[in-house]
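Participant: Everything in the sequence shown is counted per the numbering used here, starting at 3 for the first residue and increasing by one. Quick reminder that beta carbons are idealized off the backbone N, C-alpha and C, glycines included.
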Amino acid sequence: MTMYLGRPLAALLALLCSLSALAGSYEDHGYALLASYTGESAALVDGGKKRGSAYAGQFFVGAEADFGRLIGWQGAKFKLYVASRHGDNLAIDEIGNSVSVQEIWGAQTERLANLTIEQKLFDDRVIIEAGRTVANIHFLGSELCNYFQTNSACGNPTFVFRTSGFTYWPVSSWGGYVKTFLTPQIYIHAGVFEINPLQARDNQHGLNWGIADATGVIAPVALGYRSSPAQARLPAFYEVGGWRDTSRFSDPLRDANGNAALVSGQPYASRSERSGVFARFEQQVTRPDRSSPRGLILFGAALWGTSGELTQDRFLELGFVQKGTFAGRDRDTLAFVINRQRYSGAALENLRLARDAAGGGDTPANSQYLMELSYGIQVCKLLRVAPNLHYIIHPDSFSEPSRTRDLDDALVVGLRVDLALTPAIEAITGR
């Protein structure tokens, strides 16, 4: 049976890789059709809540059009992206914590994820983009996320979602940003995005554009430096910034009278105004020469809250990506990331009270540590496969506050598969 299934599978992969090798470019036509599929499997093999496995996937389609070439609107680009997500979340169902080891999980339905117009001005020194979009594809993102599966680091550090209404892919709302390059490497980046929790519901598909259900806005800002592989032998990226959130949210501990809500029996108080700051970097430290794709990149991030009643105080992250591994494997990668999520005193006290009410007695751990080791195999231009290993120390209990004790540290094995369908589309259509 294995041999019977293996032969057609191998033939299909060979065909897809052949199509990708024949692919041309849409650059001469003023438009592009985009498509990809990402699948992420994960299985809990030790610790956590119960043994089990889960699979989550995303099919992505999109279109981009150069309005300058097509209709004479110089510097303008149209962007349309749609995402379809499906599958299950190992973190909630088996591990028992609230941070997924499958970054592709969330908003499991078909959605309009982005519908924007980008405008470049003054020889591309100023970029403006606005429409239906999400904050996390414009701020606090990284290309290095392509080499990991954990949602603790990708697509963005989870701290920003736990302590603000930072909008996330593929749940779109109104928003936009302005990015100004002071020099070819130094920039200022600022944006404003509507916070509309209604859009995240399973029955929403990104087509409800009303603002009646908006609870506020989030305004991120950043000052950064980035050099490209063409500009420097050892490219670098450094960025500092922050955000201000005006939306309504629930206090993590107290009711409107200032008492612990779990003790008083009253609803958690409604609050507004939260803010935070961040610093992050990516620094390539080895590279044989300017034409080589190989090299070691170190990266890290620190985020912390500056105002508001928050569930987390700070977030720290460090990691590396080695591009190019064995001889002849220039496109393979070895990657590792570890981060620490430290909870606020208010959030810990609320968890302690919930445990007491359920008959437990111990105090919850004040931090959760998540790490991933991944090896990415570039099978061909079209197909990438990345087996990965996760270890979670002190899985949090935010998804089950009444849990009476901390769970054992969790060991998870995973597999990420990325299928880039755009080259196949180009080859098939002869573009």
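Give the straight-line distance between the Cα atoms of Gly307 and Arg246, rounded to the nearest whole angstrom.
Facilitator: Position 305 of the sequence shown, counting from 1, holds the residue named residue 307. Position 244 of the sequence shown, counting from 1, holds the residue named residue 246. Each residue's Cα considered, the two are about 10 Å apart.
Participant: Based on the DSSP secondary-structure assignment, which residues constitute the bridge partners of Tyr83?
Facilitator: On the sequence shown, residue 83 is found 81 positions in, with the first residue counted as 1. In DSSP, Tyr83 forms a bridge with Gly64 and Asn116.
Participant: Below 8 Å CB to CB, which residues in the same chain sit around Ile220 once its five sequence neighbours on both sides are set aside?
Facilitator: For this step, residue 220 is matched to residue 218 along the sequence shown. Contacts found: Ala137, Ser166, Gly167, Phe168, Thr169, Val194, Phe195, Ile197, Trp245, Arg246, Asp247, Thr248 and Ser249.
Participant: What number of angstroms, rounded off, separates the C-alpha of Gly32 from the C-alpha of Lys79?
Facilitator: As a position in the sequence shown, residue 32 is number 30, starting the count at 1. As a position in the sequence shown, residue 79 is number 77, starting the count at 1. Distance between the alpha carbons of Gly32 and Lys79 is about 9 Å.
Participant: For the candidate residues Gln76, Thr406 and Ile97, whose alpha-carbon lies nearest to that of Ala360?
Facilitator: Position 358 of the sequence shown, counting from 1, holds the residue named residue 360. For Ala360, the nearest C-alpha among the options comes from Thr406.
Participant: Which word fits Ala329, buried or exposed, when buried means at least 16 other C-beta atoms lie within 10 angstroms of its C-beta?
Facilitator: Here residue 329 refers to the residue found at position 327 of the sequence shown. So Ala329 counts as exposed.
Participant: Taking just the CA atoms, how far does Trp211 sit from Gly49?
Facilitator: The residue given as residue 49 occupies position 47 in the sequence shown. The residue given as residue 211 occupies position 209 in the sequence shown. The alpha-carbon atoms of Gly49 and Trp211 are separated by roughly 44 Å.
Participant: With 16 other CB atoms within 10 Å as the buried threshold, where does Leu353 fall?
Facilitator: For the purposes of this step, residue 353 is identified with residue 351 of the sequence shown, where counting begins at 1. Label assigned to Leu353: buried.
Participant: Assuming Gln104 and Asn153 form a contact by the criterion Cβ under 8 Å, report the distance between their Cβ atoms to the nearest whole angstrom.
Facilitator: For the purposes of this step, residue 104 is identified with residue 102 of the sequence shown, where counting begins at 1. For the purposes of this step, residue 153 is identified with residue 151 of the sequence shown, where counting begins at 1. 7 Å between Cβ atoms; contact.
Participant: Using only alpha-carbon positions, find the residue among Ser175, His191 and Ser174 that is nearest to Lys181.
Facilitator: Against the sequence shown, residue 181 aligns to sequence position 179. Measuring from the Cα of Lys181, the nearest candidate turns out to be His191.
Participant: Helix, strand or coil for Ala258 per DSSP?
Facilitator: To locate residue 258, count along the sequence shown from 1; it is residue 256. In the structure shown, Ala258 sits in coil (DSSP, three-state: anything other than H, G, I, E or B).
Participant: Just confirm the distance between the C-beta atoms of Val415 and Ala45, as a whole number of angstroms; I'd bet it's less than 8 Å.
Facilitator: Taking the sequence shown and counting its residues from 1, the one referred to as residue 415 is at position 413. Taking the sequence shown and counting its residues from 1, the one referred to as residue 45 is at position 43. The Cβ separation is near 5 Å, so the contact holds.
Participant: What separation, rounded to the nearest whole angstrom, lies between the Cα atoms of Ile1 and Val173?
Facilitator: Nothing can be reported for residue 1, as the shown portion of the chain is limited to 3 through 433.
Participant: Could you please give me the residues that DSSP links to Leu391 through a beta bridge?
Facilitator: Taking the first residue of the sequence shown as 1, we reach residue 391 at position 389. In DSSP, Leu391 forms a bridge with Leu375 and Val415.
Participant: State the start and end residues of the unbroken alpha helix (DSSP H) segment that holds Val265.
Facilitator: Indexing the sequence shown from 1 puts residue 265 at position 263. Per DSSP, Val265 belongs to the alpha helix (DSSP H) from Ala263 to Ser266.
Participant: Would you decide whether Leu184 is buried or exposed? Buried here means 16 or more other CB atoms lie within 10 Å of its CB.
Facilitator: For the purposes of this step, residue 184 is identified with residue 182 of the sequence shown, where counting begins at 1. With fewer than 16 other Cβ atoms within 10 Å, it is exposed.
Participant: Please identify the residue among Ile395, Leu375, Glu66 and Gln121 whose C-alpha is closest to the C-alpha of Leu417.
Facilitator: Counted from its first residue, the sequence shown places residue 417 at position 415. With distances taken between Cα atoms, Leu417 lies closest to Leu375.
Participant: Runs of 3 residues minimum, wholly inside the segment 216-259: which ones carry the beta strand (DSSP E) assignment?
Facilitator: Listed in chain order, they are 218-228 and 238-252.
Participant: Looking only at its own chain, which residues have a Cβ that is under 6 Å from the Cβ of Val128, when we skip the five neighbours before and after it?
Facilitator: Within the sequence shown, residue 128 is the residue found at index 126, counting from 1. Cβ neighbours of Val128 beyond the five flanking positions: Thr182.
Participant: Based on Cα-Cα distance, which residue from His140, Ser309, Gly362 and Arg289 lies nearest to Glu120?
Facilitator: Within the sequence shown, numbered from 1, the residue matching residue 120 stands at position 118. Cα-wise, what sits closest to Glu120 is His140.
Participant: Can you check DSSP and say which residues form a bridge with Trp306?
Facilitator: As a first step, residue 306 is located in the sequence shown; it is residue number 304 there, counting from the start. According to DSSP, which records beta bridges pairwise, Trp306 is partnered with Val279 and Arg316.
Participant: Consult DSSP for Pro425 and reduce its assignment to one of helix, strand or coil.
Facilitator: Position 423 of the sequence shown, counting from 1, holds the residue named residue 425. Helix.
Participant: Is there contact between the segment 202-210 and the segment 279-295, where contact requires at least three CB pairs shorter than 8 Å?
Facilitator: The answer is no - the segment 279-295 does not touch the segment 202-210, with fewer than three Cβ pairs under 8 Å.
Participant: Would you list the one or two residues that DSSP bridges to Ala37?
Facilitator: Residue mapping note: residue 37 aligns to position 35 of the sequence shown, counting from 1. Val63.
Participant: I believe Ser515 touches Gln187 by the beta-carbon criterion, under 8 Å. Please report the beta-carbon distance rounded to the nearest angstrom.
Facilitator: Lying outside 3 to 433, the shown extent of the chain, residue 515 is not represented and no answer is given.
Participant: Count the other CB atoms, across all protein chains shown, that sit within 10 Å of the CB of Asp126; report buried if there are 16 or more and exposed otherwise.
Facilitator: Position 124 of the sequence shown, counting from 1, holds the residue named residue 126. Label assigned to Asp126: exposed.
Participant: Answer with buried or exposed for Gln343, where buried requires no fewer than 16 other C-beta atoms within 10 angstroms of its C-beta.
Facilitator: Residue mapping note: residue 343 aligns to position 341 of the sequence shown, counting from 1. Buried, because 16 or more other Cβ atoms sit within 10 Å of the Cβ of Gln343.
Participant: Are three or more beta carbon pairs between the segment 84-94 and the segment 53-73 nearer than 8 Å?
Facilitator: The segment 84-94 is in contact with the segment 53-73.
Participant: For Ser100, count neighbouring Cβ atoms within 10 angstroms of its own Cβ and tell me buried if that reaches 16, exposed if not.
Facilitator: Here residue 100 corresponds to residue number 98 of the sequence shown, with the count starting at 1. Buried: at least 16 other Cβ atoms inside 10 Å.
Participant: Please classify Asp420: does DSSP put it in a helix, a strand, or coil?
Facilitator: Walking along the sequence shown from the start, residue 420 turns up at place 418. In the structure shown, Asp420 sits in a strand (DSSP, three-state: E or B).
Participant: So Val194 is in the beta strand (DSSP E); what residue range does that whole segment cover?
Facilitator: Stepping through the sequence shown from its first residue, residue 194 is reached at position 192. First-last of the beta strand (DSSP E) with Val194: Ile188 to Ile197.
Participant: Could you say which of Ala337, Ala422 and Asn368 lies nearest to Ala349 if we only look at CA atoms?
Facilitator: Numbered from its first residue, the sequence shown carries residue 349 at position 347. Among Ala337, Ala422 and Asn368, the Cα nearest to that of Ala349 is on Asn368.
Participant: Within 10 Å of its beta-carbon, does Leu372 have 16 or more other beta-carbons around it, so buried, or fewer, so exposed?
Facilitator: Start at 1 with the first residue of the sequence shown, and residue 372 comes out as number 370. Burial call: buried.
Participant: Can you list, in chain order, the residues of its chain whose CB lies under 6 Å from that of Tyr6, leaving out five sequence neighbours each side?
Facilitator: Position 4 of the sequence shown, counted from the first residue, corresponds to residue 6. For Tyr6, the predicted structure reports a pLDDT of 40, less than 50, and the residue's modelled location is therefore unreliable. A value from the coordinates is still provided. Once the five neighbours on either side are set aside, Tyr6 has no close Cβ partner at all.
Participant: Please state the DSSP three-state secondary structure of Ala44.
Facilitator: In the sequence shown, counting from the first residue as 1, residue 44 sits at position 42. Ala44: strand per DSSP, three-state reduction.
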